[in-house]
Structures are given as structure tokens and as C-alpha cells.
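These notes concern the structure reproduced below.
Protein chains in written order, with the numbering used here: chain A, 1 to 459; chain B, 460 to 747.
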């Protein structure tokens, strides 16, 4: 059982490795062009937002100077930005299931590593966004992975300042959850450093893919904020689909995401912010089948999961820290591998007469990351991130307590030779290292690392 | 020979005078560097003290794109903008609590930065800390020689706002007619008076009078006191003059009430104007 679970983990981590470098980050020179601002007005260092940029976003991509409506733009203005990153990288993983030499093997002696390097390019983001009318705005991000397979990363319309109040803003569609520390504007890009582990963590053997707060979700969000954005609060209700269209999983499964934060003036140092978030949701475990194959959209037997934590953004002049914590819990059913036979037909289905293995418990974990930036100036930023996710309770009794624990360390710098109101270009350099406990076929740890150097640009 | 030399000296002298006059109009980077170290490049807002040098980073990050390296309003975006970004080397400001022609107070600039200027590309910078804004005020003051030699004007006194009464709203209408607000703003305040299409700002660019019926925010604040201040101090650099010499403080509040009745929002003033059956002022009258 355990080795089978390890295999799942290995497959999941490998697919994460392959899929993770699709940044889909949002930085729109189209906005800079519209308003005549430099990137630095909204971005602490592109693409990470600063407070002014956060307020701009919270106002529905409006500066609130009565020049937001598109009728103020030259008719040829087209609110579109393209972003892609050509780069060189070297990827290394020390242990992989040796599926080539011996397909399906579980023999630990076949455990071996893989290192490769080469020139590459990232996925492509087509970012369009802005106002349709004063206080009505949209964001549409068709996004291709590096093989040019497209999906809708974001597609939403929002209504802002309803009843002339900054406390009533709604958006409908596919959107980024209200994560203060946004993975869509992450400053690290490599295969092992381009995502927050905490935003996608799934315990070893667990099948709940729906608690990934880093993935854009389909739903409706209310957001309210004070006029200067010092206080912000939001609540969203989403379909439990991890952002997939066509409602392919449960018949009636919904999740909620809640966030609140408060910013404080700290005199000469800047503005700090602290906040909290929670995601609570339900996902199906029982699917109708046809010829043994689970049928999409038929899921019932909802079980619950939750993710909650604190967020802090602390500024000390050029130095700033972003801190995010998380406590996560899944239902024991997810822990035992139920929940997503649609994407993985081999996974168990909670059909008639199925019972949970004796003693199965709700898996839970705790995690945190600290990301540090030294913003020498808007054109040069040094980045460091340390991230730890550790299991506090494994689902299946007898599982090694540290199985699946993940540690991630990332270092890098971005130098942006251009700083104008038209385009962005960054020379991006990064090293990222990740270790997952006990996930190799022989029960030992898996470590992988990425080195990358590339040119991240958008216009 | 001697007369010739005298003549030559006179020519040189004239050239020197001319050069120094142009130098006065054209502020140089060296001068600004020097002013950065003077006491004028500081600000005092309540208990806050602003230091110009501390704002250099913020000015580069947020402001230079419009207001330019030399503060002359010639940033890279300026060519696309209308109205043009303020030229800080002239130190002529729209939003002042001080009489027309005088420098604004630090407090005025401090509030302007957070409020922004509606119907222009100048955003509200209300995300900044109070300290950041105080430092930026000090920074703005290092660009113009005026801050070296002049003190800000004394803020005008605004008497307490009286209660809104039908008599006052009606009296306000009379002031509106008498000082001829309608010439630019139109009889109904729609910004379409007979002179509206001819107006230009100090840069010679066409400029529109405020349209009360549209209900947008005023450039320099949205309270009744702001409105009072706007027409009693004028928006320097624009055709909107100060009426401090033509309108008595009492009458000024009457005018504020009448102007409120021209805005589209439900208000006591609007209800009174309606119940009195106030009609737009006559535009054939030739003034007081």
C-alpha cells in the first residue's frame, strides 16, 4: 500500500515538476500605457505588486481619477499584454521511479536520478484587462503552457464601487483567490521555485486536488475595502473544480474562500499589512460509472477540507518580508485516496458498500514560507524564499510521520534594464531546491533542483 | 576709440542682463541641487516634518514619469496627457487655501497628493504613509526658486457654515448672477456658458469649466468648505479667478448652497431650489 502511495506521490511531484513553470503572472504594461505610469508605480519589482498596485487592482483596475472609463482612451488603445520567458535551465532530480528500464517496477534498486539542461521557453500569457465602463472591468487571460496548449487562466467581469461604496465590489468568473501574497505575481519562476508549495500542497496518497489556493477558481467574489485600501475583506464562493470548466467533478460541490487584512503606517519604514485567510470546501467521493469508468459531473458523497492561515507583509525600507502560514486538513476519505477518479481512473471510487480502511484519519499539516526581497531600486531585486510544509497527522496509521514533508529554498535576482510606461524586461536568475521526505521508491527522500537564467519580458 | 569701447561694454552689459533674465525663467539642475540642501526643501504638517531627500526614491518610482526629472512637467508621459502635469519649477498650484498668486501651504500640497486631481491623470496617492507624503511635499519645494524667496500665503478664513435656508439658496443664486459664474459655467452650471469654448490655461491649452450637472468631484476637494475655498482662492494657472474681492464671506456660503443645488445628487439645497421654483439665472444681464 505504502509503496503504491509513494508511486502516486512520485507521479504527482514529477507532473508538478513538468507543469509548474507556466507563470501566468499578471503584469500589464497595457495598464501603464493607459495611465501613463511606469511599472514601478504599481510593482514593487515587476511583477510583484506594491500597495498602490494592490489598491489599483482592488478598485477594479481603476486609478479613481475619473479617467478610468475606456472613453478617455485613444480609440486605438488595445488593453493587451503578452508575456513569455525564453531561458536556459538545468533540472536535476536525484531519484525517479525507473519506468524506462523496468516498467512498473517497485524494486528499490532501480531508483536513479535524472539531470538535464537546455534552452527553453515558458508558457505564454495573453493578458487583457481593464475597464468596460467606469466601475465595470474585466480580466481575460488565455494562457498557453510551453507546448502551446491553451486554457483560460482568468476570465472575469467585475462591478466595483456599487452604491458609491468601496465596500461593494463583485466579480464573477474565473479569478485568482484573494491571496495577498499572490502566486500570479511571484518573483521566482523556475520549475522548482515557480510556485508556493503551500498553495498546492497535497499529502502523500491524498487525492484532494481542490484545496489549491494558488489555482484560479470559478466562482463569485465580494470584496470590500476602505478608500485607501488599508482595510480589505473578501468572501468568495466557488465550484469545487480547482478552476476546471464544465463542472467535471461533483454535482453540487462548493468551496468558500475568505480573507481579511489591515495595513498600518510604520512611519519612515513604510506600510505593513497583516491578515488571515481561510478556504473551506466540499468535494465529492462517490461517482457514477459507466463500464467501470467514473462519469464526469456525477460526484456526490461530499467530504470536507479546509486551509487557513495568516499573512504578513513587512516593509523595512529596501527590505521586505512576506510571510504566509497554513494549517490544512482533509477528510479521511481524501487521505485514503478518494475524491478524484475523474482525472485518475485508477483512484478509488466511494461506491456502494465501500468503507474507509480501519483507523483512517483526517490528514493534516502545517506550513509556512518567508519570502525576503531586497529592492535595491525598482529595477533590481534580490529574492530569497524558505518554505516548509510538514505533516502533523498522516491519514493511514503506520505511515512514516514525515512522509511527504516538503522543504523548498529559492534564491535569485531580477534586473530590469527597462523602466518606462511601455514594456517590461527582466534578466531573471534563480536557483531553487526542493526536498520531499520519503517519496522515493525506496522510501528515501527525493530532492530536485533548478537553475535558470532567462529574459522575462512583456509588452 | 573710447566711445567705441563704451559702446561695446554697453552691448556686453545688455547681453548679460538678457542672459540673467532667461536664467531666472529657466531653472537649472545645478540650482535645484543646491536648493535641495536649503531649509525651504522641508515641510511641516501638524507634527510631521518632511525631508526632501527622503522622497527622492518615491519621486523616481511614482512621479517622474509625468512631472519629469527637473520637475518641469516634462516626464515621458507628458506628451500624451491633458491637462499637462504640473510644472513645479513655476510653483503655481491649483489647490490652495491661500490667496491667489501666493504659494500654497505645506498642508495644501500634502492633501492634494493624497486626493489626486480628478479629470486629470494625476492619481490619488492615498496609499502612501503620512511621512511619505510629507517628504514628497518637501521634495516638490526644491524645484522652484519661489520657495527660496517667498513664504506661503496666509490661508483665507472660512467662517463656520451657516444653516441651509431658502433665503440663502436664493441669495446664492443672486451671487451666481452678479459675479457672472454663468459666463463660463453656464446658467444651469453645465459648463457651457458663452465663454466656455474660448477658455485656455496658462500654457495656452483649451480647458473646460466644471460641469455641476455631471456631479464629478471638484479638483480640490469635495466638501462644502473645499467648494468655498475653490472660488475664494481661485485655481491659479487657469481662467478660474479668485472671487475674494467680489464676494463677502457671508455671501460665499450662500453661493456654496446654490452651487450644491445645481449638482445632480439629492440634497437639502436641491430640494429647496425645487420648492422655491428657482429658475436658471438670466444670461442677458451684464453683471452688477
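We put the beta carbon where it would ideally sit given N, CA and C, even for glycine.
In chain A, what lies closer than 8 Å to residue 589 of chain B by C-beta?
-> 265
Taking 7 Å as the limit between beta carbons, can you name the residues of its chain near residue 716 of chain B, skipping five residues before and five after?
Answer for residue 716 of chain B: 623, 627, 628, 631 and 728, listed in chain order.
### Query
Does DSSP classify residue 741 of chain B as helix, strand or coil?
coil
Contact list for the stretch 34-51 of chain A against chain B, Cβ threshold 7 Å:
35, 36, 37, 38, 40, 41 and 51
**Item:** residue 266 of chain A, enclosing alpha helix (DSSP H) - first and last residue
**Value:** Neither: residue 266 of chain A is in no alpha helix (DSSP H) and is coded neither H nor E.
- [ ] Taking only beta carbons into account, state which residues of the stretch 51-68 of chain A come closer than 7 Å to chain B, listed in chain order.
- [x] 51, 52, 55, 63, 64, 65, 66 and 67
- Query: Just to confirm, are residue 178 of chain A and residue 223 of chain A a CB contact at a threshold of 8 Å?
  - Reply: yes
Are any of the Cβ atoms in chain A nearer than 8 Å to that of residue 623 of chain B?
no
Residue 579 of chain B CB to nearest chain A CB: under 8 Å? yes
- Do you know how far the Cα of residue 140 of chain A is from the Cα of residue 128 of chain A? 5 Å
Might you give, ordered along the chain, the residues of its own chain that have their beta carbon closer than 6 Å to the beta carbon of residue 373 of chain A, omitting 5 neighbours on each side? Here residue 373 of chain A has 320, 381 and 383 as same chain residues with Cβ atoms under 6 Å from its own Cβ, once five neighbours each way along the sequence are excluded.
Query raised in the report: alpha helix (DSSP H) containing residue 644 of chain B: first to last residue?
Result: 641-644
Exercise. Can you check whether the CB of residue 612 of chain B is closer than 8 Å to the CB of residue 661 of chain B?
Worked result: no
| said: Rounded to the nearest angstrom, what separates residue 408 of chain A and residue 694 of chain B at their Cα positions? | reply: The C-alpha of residue 694 of chain B is placed about 57 Å away from the C-alpha of residue 408 of chain A.
- request: Step through the CB atoms of chain A and report whether any lies within less than 8 Å of the CB of residue 643 of chain B.
  value: no
Classify residue 430 of chain A as buried or exposed, calling it buried when 16 or more other Cβ atoms lie within 10 Å of its own Cβ.
-> buried
Exercise for review: Give me the Cα-Cα distance between residue 489 of chain B and residue 595 of chain B, rounded to the nearest whole angstrom.
Suggested key: Those two C-alpha atoms are separated by around 20 Å.
- request: In angstroms with no decimal places, state the Cα-to-Cα distance between residue 436 of chain A and residue 369 of chain A.
  value: Rounded to the nearest angstrom, the two C-alpha atoms are 16 Å apart.
I want to see whether chain B comes within less than 8 Å of residue 459 of chain A, judged by CB atoms only; does it? no
* Please list the partners that residue 229 of chain A has in chain B, where partner means a Cβ-to-Cβ separation under 7 Å. => 586
(message) Quick check on the burial criterion: 16 or more other C-beta atoms within 10 angstroms. Buried or exposed for residue 666 of chain B?
(response) buried
| query | Within 10 angstroms of its Cβ, does residue 57 of chain A collect 16 or more other Cβ (buried), or is it exposed? | reply | With 16 or more Cβ atoms within 10 Å of its Cβ, residue 57 of chain A is classed as buried.
| query | Which term fits residue 353 of chain A, buried or exposed, when burial requires 16 or more other beta carbons within 10 angstroms of its beta carbon? | reply | exposed
Starting from residue 688 of chain B, trace the alpha helix (DSSP H) both ways and give me its first and last residue. 683-692
- request: Could you pull out every residue in the same chain whose Cβ sits closer than 7 Å to the Cβ of residue 616 of chain B, ignoring the five residues on either side in sequence?
  value: none
Task: Residue span of the beta strand (DSSP E) that contains residue 507 of chain B, given as start and end - done: 507-510
Does any CB atom of chain D fall closer than 8 Å to the CB of residue 270 of chain A?
-> Absent here is chain D; the protein component of the structure consists of chains A and B.
Could you check whether the Cβ of residue 540 of chain B sits closer than 8 Å to any Cβ belonging to chain A? Closer than 8 Å to some Cβ of chain A, the Cβ of residue 540 of chain B qualifies, so yes.
Environment of residue 206 of chain A [buried if 16+ CB atoms lie within 10 Å]:
buried
Practice prompt. Using three-state DSSP, classify residue 715 of chain B as helix, strand or coil.
Written response: helix
For this session: Count the other CB atoms, across all protein chains shown, that sit within 10 Å of the CB of residue 659 of chain B; report buried if there are 16 or more and exposed otherwise.
Result: exposed
Cβ of residue 501 of chain B less than 8 Å from any chain A Cβ? Chain A contact via Cβ: absent.
### For residue 190 of chain A and residue 20 of chain A, the rounded distance between their alpha carbons
Because residue 20 of chain A sits at a pLDDT of 39, beneath the cut-off of 50, its placement in the model cannot be relied upon, and the point is left open.
If the cut is a Cβ gap below 8 Å, which residues of chain A does residue 675 of chain B touch? 66
In chain B, which residues lie with their C-beta within 9 Å of the C-beta of residue 75 of chain A? Under the 9 Å cutoff, chain B gives no residues; its nearest Cβ is about 14 Å from residue 75 of chain A.
Check distances from the C-beta atoms of the stretch 166-177 of chain A to those of chain B and list, in chain order, the residues that come in under 9 Å. none
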